[in-house]
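Residue numbers (my numbering), protein chains in the order written: chain A, 1 to 383; chain B, 384 to 766.
Structure record follows, encoded as structure tokens.
2 protein chains.
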Amino acid sequence: MAEAPKFLRPVTAPAADVGLAVTFERPLTLDCGRNLFPVTVAYKTYGVLNADKSNAILICHALTGDQFVASDHPVTGKPGWWTIMVGPGKPIDTDRFFVICSNVIGGCMGSTGPAENDPETGKPYGLAFPLVTIRDMVRAQAMLVEHLGISQLLAVVGGSMGGMQALQWAASYPERVRAVMPIACAARHSAQNIAFHEVGRQAIMADPDWKNGEYQQQGTTPSKGLAVARMAAHITYVSEEALQRKFGRSLQNREALSFQFAPDFQIESYLHYQGLSFVDRFDANSYLYITRAMDYFDLAADYDGHLASAFGADAPRFCIISFTSDWLFPTAENKRVAHALNAVAANVSFVEIKTDKGHDAFLLDEPEMFGTVRGFLNAVADS
Amino acid sequence: MAEAPKFLRPVTAPAADVGLAVTFERPLTLDCGRNLFPVTVAYKTYGVLNADKSNAILICHALTGDQFVASDHPVTGKPGWWTIMVGPGKPIDTDRFFVICSNVIGGCMGSTGPAENDPETGKPYGLAFPLVTIRDMVRAQAMLVEHLGISQLLAVVGGSMGGMQALQWAASYPERVRAVMPIACAARHSAQNIAFHEVGRQAIMADPDWKNGEYQQQGTTPSKGLAVARMAAHITYVSEEALQRKFGRSLQNREALSFQFAPDFQIESYLHYQGLSFVDRFDANSYLYITRAMDYFDLAADYDGHLASAFGADAPRFCIISFTSDWLFPTAENKRVAHALNAVAANVSFVEIKTDKGHDAFLLDEPEMFGTVRGFLNAVADS
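See the structure below:
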């Protein structure tokens, strides 16, 4: 456990009310070889840690998520991103479990990221921030869990990029987690997924207000580029069927085509809203860094291309969930993980949920997912 | 045939060598209600029109195509976009057939479009250009065909947006075309397809060099926005399987990840190339107008929502081709057209070709497509 912190020092949360935060006094050595120092991890907890500290569940957030999994977002004022899943009596029941959710490093909700000041220059990092990986994010989470005095998590749960982190936990710290639930994810990012991310990055970098990443110093915000990036990405979060069902070719507040370029179709207005509402709460450089971390993710690559080698005889118990209409992380990619786990005789269950809601199904009202999550976590807790 | 031109006057081709061009002395009344005047249609022909003018095939190009279907492109110097299909001895055999291909109105290769001068102001149209539809494009083609003295085409053939035009020909001018081959298209643009186009348009409009469409007067070019639009669109032209097969996670000219934002992966370099090479040959405003025309396309909507009503007892003979891995215009959409034609007892054959090449398969080496096209056109000609 080479990266365990030597000293721990809780600090006041930065500017926005990001919940709790801890700044470690020891640098975090990253996959790129650079040391990140200081490292702050902002987080939220829900429920109560029991006496023997055996009921802690770490929830890992997706690309644009944050630690506000089950409480109002301090910037938007909107409910947390997984209130449907996490809370008293919910599938991840905070009456029974102690839930931790931390902002990933590279993020923009209080954990160290490109918007923070670089101690070497006293100015925001911008592109001087080192590229972080999913494994680096998990290293920082492990430091937080240790800081909280928890030697073993009951479970790590996450969807999309959160699922990547759950997989990485099983590979990096099998002795520190009893169970892992990767939802709607993959052990590697595909060429198509990299392509969509690169389009988003190019849209941001094409915005003259991005200013080579130094927009904070120059008082600008690359909102237009970031909105385009979000719009492109958002299409991949929804299935073609769901878009057709929800929007089809319906017009927005009009009886007939306008023969103008303003939004005619509801799907256009919906996308505009997705783009515009996103830029108010997310940092463009963080978007670059986190998409890059996802693109770099290829768990097998760390084990000479053998995914099964990422997991040993001490692998935690697994429950993998995929969705039939998820074309970003299709069932086949989730099955690859299950097969690799089977190859090392791990305890793994795999559930493919039939839905037309696409990748974002993991955030939505999917009763079969709720039942699976509730049942699996209770079974692990009772075992 | 209300929109038939009263007078026809061939003119010299504009600036670049766009091949042949005709400027009509009668305005073209558009679906938006406005009159377009003057209207120039730039075109190329291949092969020889026979004495009874019965061997003419109109090829309709896709979104970013042009009239250079089988001859070198005057701007890029590259071979025409369908040389694999059109030429002496090719499936569309110019030893037997007289092939016509015209640039769509709204385009940027010599036909009247937003880059041309608005006679009312003497300045380039820009956004003052009226929104055109697929039906408007076909109206202009019909004027060209009449200008060439051809009362009935042997066939109209097109892929993607070209297929939409082929469908529109069958609906608008059934008596003027004996056979129609729509390839990899649909009778309507889906919500997902509209969404991707809107992302592209927003990327262009977000580019400060776009200058509300007046970039010609202001001496700028919205290259970055147009490149992002092209990159996003290009992903939809290829299947996930093909991207995985061709690129996977292979690195570009390097042994290991760079931990930088420059392209690491081959798929990134490939996308960059697609974006950069596109802006040299295409006009950003044309991209806005033509994507909008595709989004507006919904053939059934012109017939109270009944697609079958678009076709009558006099429907031309049909051969519809789709590709299994085309997720932009999936087989199901092509089948909808076939079913509508079945409902009016039209002569229709439908071929779904198994390939992993995605939407762009219609431009690529697909022997089954070549055999189908060759066989169908010869059968029509011989009947």
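Cβ coordinates follow ideal geometry from the N, Cα and C atoms, glycine included.
List the endpoints of the continuous beta strand (DSSP E) containing residue i.
i	result
residue 226/A	Here residue 226/A belongs to no beta strand (DSSP E); instead the alpha helix (DSSP H) covers 223-237.
residue 407/B	403-407
residue 199/A	No beta strand (DSSP E) contains residue 199/A, which is instead part of the alpha helix (DSSP H) from 191-206.
residue 317/A	317-323
residue 40/A	39-46
residue 439/B	439-443
Please state whether DSSP places residue i in a helix, a strand or coil.
i	result
residue 90/A	coil
residue 526/B	helix
residue 650/B	helix
residue 30/A	coil
residue 115/A	coil
residue 682/B	helix
residue 558/B	helix
residue 571/B	strand
residue 36/A	strand
Can you tell which of the options has its C-alpha closest to the C-alpha of residue i?
i	options	result
residue 703/B	738/B, 472/B and 543/B	543/B
residue 699/B	429/B, 555/B, 688/B and 646/B	555/B
residue 614/B	656/B, 642/B and 578/B	656/B
residue 415/B	23/A, 259/A and 253/A	259/A
residue 116/A	286/A, 193/A and 243/A	286/A
residue 345/A	332/A, 309/A and 302/A	309/A
residue 732/B	739/B, 723/B and 512/B	723/B
residue 381/A	93/A, 306/A, 72/A and 45/A	93/A
residue 50/A	294/A, 152/A, 351/A and 270/A	152/A
residue 526/B	565/B, 425/B and 738/B	425/B
residue 512/B	587/B, 459/B, 429/B and 596/B	596/B
residue 36/A	219/A, 119/A and 48/A	119/A
residue 146/A	56/A, 165/A and 182/A	56/A
residue 52/A	268/A, 134/A, 78/A and 148/A	148/A
residue 219/A	47/A, 268/A, 124/A and 46/A	124/A
Do residue j and residue i count as a contact pair if the criterion is CB distance below 9 Å?
i	j	result
residue 562/B	residue 701/B	yes
residue 132/A	residue 168/A	no
residue 546/B	residue 661/B	no
residue 243/A	residue 569/B	no
residue 519/B	residue 488/B	yes
residue 190/A	residue 632/B	yes
residue 480/B	residue 537/B	yes
residue 370/A	residue 90/A	yes
residue 202/A	residue 611/B	yes
residue 467/B	residue 441/B	no
residue 541/B	residue 672/B	no
residue 343/A	residue 590/B	no
residue 741/B	residue 620/B	yes
residue 225/A	residue 284/A	yes
residue 295/A	residue 648/B	yes
residue 557/B	residue 720/B	no
residue 327/A	residue 623/B	yes
I want to check one thing, is the minimum distance from the CB of residue i to the heavy atoms of the ligand NAP below 8 Å?
i	result
residue 446/B	By its list of ligands, the structure shown contains no ligand whatsoever, and the ligand NAP lies outside what it can speak to.
Whole angstroms are fine: how far does the CA of residue j sit from the CA of residue i?
i	j	result
residue 140/A	residue 18/A	17 Å
residue 761/B	residue 470/B	15 Å
residue 127/A	residue 188/A	25 Å
residue 695/B	residue 680/B	19 Å
residue 645/B	residue 639/B	13 Å
residue 446/B	residue 485/B	13 Å
residue 200/A	residue 109/A	20 Å
residue 38/A	residue 74/A	24 Å
residue 304/A	residue 25/A	33 Å
residue 322/A	residue 22/A	34 Å
residue 271/A	residue 234/A	8 Å
residue 211/A	residue 690/B	50 Å
residue 351/A	residue 95/A	26 Å
residue 605/B	residue 587/B	7 Å
residue 683/B	residue 718/B	14 Å
residue 431/B	residue 437/B	11 Å
Taking the continuous alpha helix (DSSP H) assigned at residue i, which residues delimit it?
i	result
residue 291/A	284-296
residue 492/B	First-last for residue 492/B: undefined, no H or E at that position.
residue 623/B	623-629
residue 358/B	In the structure as shown, chain B begins at 384 and stops at 766. Residue 358/B is therefore absent and cannot be evaluated.
residue 153/A	That residue, residue 153/A, is in no alpha helix (DSSP H); its beta strand (DSSP E) goes 153-159.
residue 340/A	331-343
residue 635/B	Here residue 635/B belongs to no alpha helix (DSSP H), and DSSP marks it neither H nor E.
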